[in-house]
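All remarks here apply to the structure that follows.
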Amino acid sequence: MDPLNPDSFNHKFATVNGTTIHYVDEGTGPVILCFHGFPDLWYGWRKQIPYLVSLGYRVIAPDTHGYGQTDAPKDLKAYGAKNIVNDFVSLLDTLNIREAVWAGHDWGGLVAWRAALWHPERVIGVISYCTPYIPTADTFTPLEDFVVKFPNWSYQLYFQRPEATDELNKEIPLFLTALFRHYKDFAKTSIFNPAVPPEQRTITDVRGLERSSVFTQGQLDYYIGEFQRKGMEGPLNAYRVRKINWEDEHEAGFLMNKIDKPSMMVTAGHDGALPAKWTEHMPKFIPDLMQEHVEESGHWILDEQPEFCNSAFAKFLKHLEDSGLIQK
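Residue 151 in the numbering used here sits at position 161 of the sequence shown; the count goes up by one each step and never skips.
Have a look at this one:
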């Protein structure tokens, strides 16, 4: 496994519930499922997979729905958290795996937290990088109202627009070049400027932007090629299922539910999308919660601080082993 060479990993495919899923499967031992966010791939875990395998674990890192070599369903509900969790529980069934540690970054953190709600019997523990557990509220808050209080999420108004798909499909290399950056040289595109109305935002205002040192050219080229397979519609659908997710969870009675699984929350000091302060409520809802924080990192914590992330993961796995939840 060479993090600089995606072809050096063990790639597999499985069809579950009518959806063909691409995933990397490495190592033997207790299973860890690693879910990426937006705009990412299984490859976002390239610096963690070899390390976790060296600790004696089996790591399964998929492309989620609409990304890379995994199918992009046409039905918007397929991108809801309930459906995604169900499909990966079905993948565990296909692979004869009873339970796993669910790990996530960005939207992948949402998948991991929701797995503990929808299928707690399949979850040993949850570790989330950047994404806090946010309990289901008793009423739905439209994004337009949410961003009044939290303008750092106003970029999601742009991502919700159908026009965003068309623009980003034409500008995939530029879009990924703009997003995959160290927090110290984050691109000042209007997409992330709350002062610009969503209908006036664009990625073309940073045309000519040079690649950040966070990625090599080869790594960036791999991402560009994978996103050009199916385009941005599937990935952007994560921003279009807020109401679907709330309705599913409200109907299931998940209102203000606690997570009764050992968990770890890892935060970054310069994450503009998911500030560390958004995790302050979590101890009330997760009795067995460990928390780690690295100040010198932005949202791409797995790339900017891989050693810290690996160390935090090892600490959490040791907790699960000491608790008797994992036997190696």
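Even glycine gets a Cβ: it sits at the ideal position worked out from N, Cα and C. The model shown is predicted, which means the values in this text are computed figures rather than measured ones.
Considering only their Cβ atoms, is the gap separating residue j from residue i smaller than 8 angstroms?
i: glycine 224; j: tyrosine 13; result: no
i: phenylalanine 275; j: isoleucine 316; result: no
i: methionine 272; j: proline 110; result: no
i: serine 287; j: glutamine 281; result: no
i: asparagine 227; j: proline 125; result: no
i: tyrosine 119; j: histidine 260; result: no
i: glycine 321; j: aspartate 96; result: Lying before the first or after the last residue shown, residue 321 is absent from the chain, which here runs from -9 to 318.
i: lysine 251; j: alanine 106; result: yes
i: isoleucine 11; j: alanine 90; result: no
i: leucine 147; j: leucine 133; result: yes
With 16 other CB atoms within 10 Å as the buried threshold, where does residue i fall?
i: glycine 115; result: buried
i: valine 284; result: buried
i: aspartate 65; result: exposed
i: threonine 54; result: buried
i: asparagine 235; result: buried
i: phenylalanine 149; result: buried
i: leucine 245; result: exposed
Apart from the five residues on each side of it in sequence, which residues of its chain come closer than 8 angstroms, Cβ to Cβ, to residue i?
i: asparagine 142; result: Pro184, Gly262, Ala263, Pro265
Which same chain residues, not among the five before or five after residue i, have their C-beta less than 6 angstroms away from its C-beta?
i: valine 186; result: Ser180
i: arginine 104; result: Ala71, Val75
i: methionine 254; result: Ile117, Met280, Phe306
Going by beta carbon distance, what residues of the same chain come within less than 7 angstroms of residue i, once the five residues before and after it are set aside?
i: glutamate 161; result: Ile193, Thr194
i: alanine 68; result: His55
i: aspartate 128; result: Leu245
i: phenylalanine 321; result: No answer is possible for residue 321: the residues shown for the chain start at -9 and end at 318.
inquiry  = With three or more beta-carbon pairs closer than 8 angstroms as the criterion, would you say the region 162 to 169 touches the region 214 to 229?
reply    = yes
inquiry  = Does the structure place the region 28 to 40 close enough to the region 74 to 85 that three or more beta carbon pairs sit under 8 angstroms?
reply    = no
task = Evaluate contact between the region 233 to 242 and the region 199 to 210, counting only Cβ atoms and requiring at least three cross-stretch pairs below 8 angstroms.
result = no
inquiry  = Would the region 184 to 198 count as touching the region 306 to 313 if we require 3 or more Cβ pairs under 8 angstroms?
reply    = no
Meets three-Cβ-pair contact criterion under 8 angstroms: the region 35 to 48 and the region -7 to 0 = yes
key: alpha helix (DSSP H) runs wholly inside the region 112 to 188, at least 4 long, in chain order   = 133 to 139, 145 to 150, 152 to 160, 162 to 169
task = Report the residue ranges of all beta strand (DSSP E) runs contained in full by the region 199 to 268; include only those spanning at least 3 residues, in chain order.
result = 253 to 258
ask   = Quick check: the region 151 to 158 against the region 7 to 24, are there 3 or more CB pairs under 8 angstroms?
value = no
message = Report the start-end ranges of each alpha helix (DSSP H) in the region 3 to 69 that is 4 residues or longer and not cut off at the edges.
response = 39 to 44
Length-filtered (3 minimum) beta strand (DSSP E) runs lying within the region 276 to 308 = 279 to 284
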